[in-house]
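Numbering (the UniProt record's numbering), first residue to last: 1 to 218. For every residue, glycine included, the Cβ atom is placed at its ideal position computed from N, Cα and C.
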Ligand SMILES: [Zn+2]
């Protein structure tokens, strides 16, 4: 913990002064374009991997980058998503899974989670991802972890669509969904490609297509 405390001192004395103007602008409000939903895993740094600054990503994190399907019960994710979409007006939502995800390993073998009842129940939101992979291959072995991780991203995107605020903005083209998987070892990001119906490496083509769709000049 000492290095964390030392880090705060370093931030205040060295880092903050260099970005003082940015923080001044942010002091009285935020206007992020992107809602970034990812796993709590300590190895993921959303701002580092997207090279963004404070104020640019509205970040929601939990074990397994899960979006519980909408229900009338209020939860932290539901409230945060509603706020990001309906109040802040984000136009892009990224669900970003990652390699070597402990939550996905748990979802693949829930029988090992009996001592972690809340984790077990939470990962019930990933069950359809493991079911899809099981149906395809007959069983879900450890080698299927990348496939389960991808299916889970797609499943959570599906759950996002059930949230009224998201459904409303999707129907009117005011919000767009993105499914990513971040590779911790290589830094690569795979993105779900609607046309390919699969995950492909993020490339210039992805950026160009995005720009064309949003009519942004690169
Ligand atoms: Zn994870």
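Residue i beta carbon near ligand 1 (any heavy atom closer than 6 Å)
i	result
residue 39	yes
residue 96	no
residue 126	no
residue 101	yes
Best match in the options for proximity to residue i [C-alpha to C-alpha]
i	options	result
residue 190	72, 139, 121 and 95	95
residue 197	122, 172, 178 and 168	178
residue 108	201, 173, 114 and 129	129
residue 41	182, 1 and 210	182
residue 76	111, 47, 37 and 112	37
residue 67	158, 15, 28 and 148	158
residue 122	147, 137, 78 and 64	64
residue 203	188, 195 and 213	188
residue 152	168, 138, 167 and 127	127
Whole-Å CB distance - residue i paired with residue j, under 8 Å assumed
i	j	result
residue 33	residue 92	6 Å
residue 145	residue 120	That belief does not hold up - the Cβ atoms of residue 145 and residue 120 are roughly 18 Å apart, past 8 Å.
residue 170	residue 161	6 Å
residue 22	residue 53	6 Å
residue 78	residue 163	7 Å
residue 88	residue 30	7 Å
Beta-carbon contacts of residue i that lie in its chain and below 7 Å, excluding the five residues immediately before and after
i	result
residue 184	43, 98, 99 and 100
residue 147	133
residue 206	191
Distance between residue j and residue i (C-alpha atoms, nearest Å)
i	j	result
residue 86	residue 165	6 Å
residue 49	residue 117	32 Å
residue 114	residue 103	14 Å
residue 135	residue 143	15 Å
residue 150	residue 81	21 Å
residue 15	residue 27	16 Å
residue 8	residue 138	50 Å
residue 72	residue 125	16 Å
residue 228	residue 62	Since the first and last residues shown for the chain are 1 and 218, residue 228 lies out of range.
residue 17	residue 24	11 Å
residue 5	residue 12	11 Å
residue 111	residue 60	27 Å
Residue i: CB within 6 Å of a non-hydrogen atom of ligand 2
i	result
residue 204	Looking for ligand 2 in the displayed structure turns up nothing; the ligands present are ligand 1.
Neighbourhood of residue i by C-beta, 8 Å cutoff - its chain only, sequence neighbours within 5 removed
i	result
residue 90	32, 33, 34, 35, 58, 84 and 175
residue 180	94, 95, 96, 97, 153, 189, 190, 191, 192 and 202
Proximal residues to residue i (C-beta, below 6 Å), its chain only, five neighbours per side dropped
i	result
residue 193	200
residue 140	108, 130, 133 and 134
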